[in-house]
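Undergrad: Residue 23 in this note's numbering is what sits at position 7 of the sequence shown, and the numbering runs on without skipping anything.
What follows is a single structure, and I will ask about it in a moment.
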Amino acid sequence: MQEDLNAMRRLIDVMDQTLLDLINQRIALTREIGYIKARDGLACRDEARERQLCLRITMGNNGPISDSAAQRIFELLMQESRRHQAQCQDTEYPTARNPS
Ligand SMILES: O=C(O)C(=O)C[C@]1(C(=O)O)C=C[C@@H](O)C=C1
């Protein structure tokens with residue numbers, strides 16, 4: 017019984033690390049977008065894109081989590097993206113990302 021529990025928890029630990037790595041990769045991408053927005057004078061928040069994303073999340077949610085739980089998770093992710101993008105507004109566009 018304890019062995020079954022431990023085996024399941026090890027699976028969860030591996031999955032959590034994968035999720036964390038993916039979340040950090042997502043943030044890295046949104047930071048790239050942040051530099052582009054800063055360069056082009058665009059606002060961090062794009063409400064139309066956020067609505068589109070929430071719709072896509074609802075359409076793609078196969079459960080068992082509820083649509084509102086899925087939306088809360090993604091709203092938190094987007095909030096964190098915007099926080100990182102705000103930092104990009106204050107820093108120079110890295111030349112390594114700007115080959116031109
Ligand atoms: O797609 C963008 O424009 C982004 O900046 C990415 C992102 C996101 O995290 O998905 C972040 C902030 C915007 O309000 C919308 C979406």
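Every residue gets a Cβ at the ideal spot worked out from N, C-alpha and C, and that includes glycine.
(1) Quick one: what does DSSP say ALA64 is sitting in, helix, strand or coil?
(2) Out of THR46, ARG25, LEU21 and ASP20, which has the shortest C-alpha to C-alpha gap to GLU96?
(3) Considering only the beta carbon of each residue, do ARG55 and TYR109 sit closer than 7 Å?
(4) With 16 as the cutoff for other CB atoms within 10 Å, does GLY10 come out buried or exposed?
(5) Are GLN101 and GLY50 close, meaning C-beta to C-beta below 7 Å?
TA: Based on what the coordinates show:
(1) helix
(2) THR46
(3) yes
(4) Nothing in the structure corresponds to residue 10, since the chain is present only between 17 and 116.
(5) yes
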